[in-house]
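Report on one structure; see the data block that follows.
Residue numbers (this note's numbering), protein chains in the order written: chain A, 273 to 473; chain B, 23 to 115.
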């Protein structure tokens, strides 16, 4: 009997190996973001001259728009998964394209905000309001790591959709890359209130 | 799950974000604000895990294998970080 015909024991979790690998990655990455947010929380609580840099307009309003965009990108990703399961390849690719577009829009808004803050004098070690420099370093550190995940996700979505369209990957791979995208959305559900809203003027 | 359910969940998530912003500008005490925002974020995370990431429709073993492990790691981190601050200030006891 060749190795390819050996009967395989069913996964106790009922998911294929690539999906299990993605869940393992998400668990590890979740702990990473958790560690960073805990560190931020302790630093913020332990810094007496912490300043609140975000006004309702434009910072919080921009953050709200970014949140709605990211949530909408999760919805389009769900559309992609539904179309992939139904065998509608072109429709699935269009949904993935919409997700990528929203991801790029999110990144563009984020970078615009960053550059506006740089212009005001904010930096990793600079606080133009005269308070703790940690405000800038924690903000750019946390949002930068999240932005890196968004950009990586847009690239991963493009690669998987391209290979799916060419028949090299199946619908389950669209679902697996979708898990990553939803995770990026989930992390933002903590970053937005803890980093933006808690620092609203 | 069909798209109608997904759209309902999406609208619910946007509503929760709106509540977060409204609570912030109601200017409660810092402790109340932190507790409220964390509670709302946890609800959003649970909804995202169950509906967007399909944990509700996978085998229960996957949910019980993933979520408690991550929560355990995060709780342990929460206990370790104050110790790191104590060491930073060189107060041994």
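Quick reminder that beta carbons are idealized off the backbone N, C-alpha and C, glycines included.
Item, Value
"Of the listed residues 45/B, 50/B, 73/B, nearest to residue 34/B (C-alpha basis)", "73/B"
"Any chain B beta carbon closer than 8 Å to residue 525/A", "Nothing about residue 525/A can be reported from this structure: the residues present for chain A run from 273 to 473 only."
"Local conformation of residue 439/A per DSSP, three classes", "coil"
"The region 384 to 396 of chain A: positions lying closer than 8 Å to chain B by Cβ", "none"
"Proximal residues of chain B, C-beta to C-beta of residue 306/A below 8 Å", "92, 95, 96, 99"
"Assigned secondary structure, residue 395/A (DSSP; H/G/I helix, E/B strand, else coil)", "strand"
"Member of 452/A, 438/A, 469/A whose CA lies at the smallest distance from the CA of residue 70/B", "452/A"
"Nearest-angstrom beta carbon gap, residue 93/B and residue 299/A [assumed within contact, 8 Å]", "Actually they do not touch by this definition, with Cβ atoms about 10 Å apart."
"Classification of residue 29/B by the beta-carbon crowding that lies within 10 angstroms, buried from 16 upward", "exposed"
"Exposure label - residue 297/A; buried when at least 16 CB within 10 Å", "exposed"
"Other residues of its chain near residue 343/A: CB distance less than 8 Å, five sequence neighbours each side excluded", "457"
"Classification of residue 461/A by the beta-carbon crowding that lies within 10 angstroms, buried from 16 upward", "buried"
"Rounded straight-line distance, which links the Cα of residue 317/A to that of residue 100/B", "14 Å"
"Within chain B, partners of residue 414/A - CB distance below 9 Å", "Correct list: empty, because the minimum Cβ distance to chain B is about 14 Å."
"Beta-carbon neighbours of residue 41/B, restricted to chain A and to distances below 8 Å", "Ordered by position in chain A, no residue passes the 8 Å Cβ test against residue 41/B, which lies about 10 Å from the chain."
"Burial state of residue 427/A, where buried means 16 or more other Cβ atoms lie within 10 Å", "exposed"
"Residue interval of the alpha helix (DSSP H) (run including residue 295/A)", "289 to 317"
"Residue 63/B - DSSP class collapsed to helix/strand/coil", "helix"
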